[in-house]
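A short write-up of the structure that comes next.
Numbering (my numbering), first residue to last: 4 to 198.
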């Protein structure tokens with residue numbers, strides 16, 4: 004690699020602007036507007052978090068990878084790794100959600116492992132490392148972490164299933180049956196008041 008791998012972890016706005024300038028200087032032209040958007044702010048939409056890789060202007064690859072970190076109220080959070088790479092240079096930006104107020108932060112430890120794995124990969128990049136090899140390493144890290152997420156999620160599901168085994172649904176059915184007439188009576192009273 005002629006240019007070292009530049010990696011930013013939770014960069015602030017000035018660091019992102021400096022990175023955009025460095026990338027544009029390296030490629031010799033402005034980067035696509037989608038790169039600007041992704042570098043300037045965390046762009047993860049929980050409804051559309053997916054691996055995305057595309058070639059811009061036949062000059063560089065842009066994309067991002069995601070690892071789930073937690074789910075609260077059905078809204079997932081993701082660690083997001085944005086990647087910009089040319090044949091001889093690579094820039095990455097890692098953003099990991101820090102608000103772990105979830106009741107079950109299933110993968111929060113994995114997100115922090117992700118940070119350590121990227122740091123370790125940086126230590127293994129030498130002057131002869133090709134950008135393609137670096138991308139392969141980053142993809143391998145993400146795939147391995149996703150496998151951990153799947154295993155952890157399966158474990159949590161199994162634990163909840165075990166807890167539910169002890170519930171006698173007959174008691175629950177009886178309790179609901181006792182409450183239904185009371186609920187109907189209240190609904191009729193409300194109808195009378197409204198009418």
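Just so you know, even glycine gets a beta-carbon here, dropped at the ideal spot from N, CA and C.
- Taking residue 12 as the centre and dropping the five residues before and after it, the same chain places the C-beta of 97, 118 closer than 7 Å to its C-beta, in chain order.
- The residues 144, in chain order, have a CB closer than 6 Å to that of residue 120 in the same chain once the five nearest residues on each side in sequence are set aside.
- The DSSP-derived three-state label of residue 60 is coil.
- For the set 66, 92, 93, 91, the Cα lying nearest the Cα of residue 85 is the one of 66.
- Scanning its chain for C-beta atoms nearer than 8 Å, with the 5 sequence neighbours on each side dropped, one finds around residue 125 the residues 8, 10, in chain order.
- DSSP lists no bridge partner for residue 167.
- In this structure, residue 138 keeps its C-beta atom at 8 Å or more from the C-beta atom of residue 92.
- Rounded to whole angstroms, the gap between the alpha carbons of residue 28 and residue 165 is 57 Å.
- Residue pairing by DSSP puts residue 85 in a beta bridge opposite 67, 96.
- Following the DSSP letters along the chain, one finds residue 41 in no beta strand (DSSP E) but inside the alpha helix (DSSP H) bounded by residues 36 to 43.
- Counting along the chain, residue 91 sits inside no beta strand (DSSP E), nor does DSSP assign it H or E at all.
- Residues 67, 85 of the same chain have their beta carbon placed closer than 7 Å to that of residue 41, with the five preceding and five following residues left out of the count.
- Contact between residue 19 and residue 43 holds: CB atoms are separated by about 6 Å, below the 8 Å threshold.
- Here the C-alpha atom of residue 62 lies approximately 38 Å from the C-alpha atom of residue 154.
- Nearest in C-alpha terms to residue 90, of all of 127, 24, 131, 116, is 131.
- Residue 9 has 94 as its beta-bridge partners, per DSSP.
- At the C-beta level, residue 22 and residue 94 come within 8 Å of one another.
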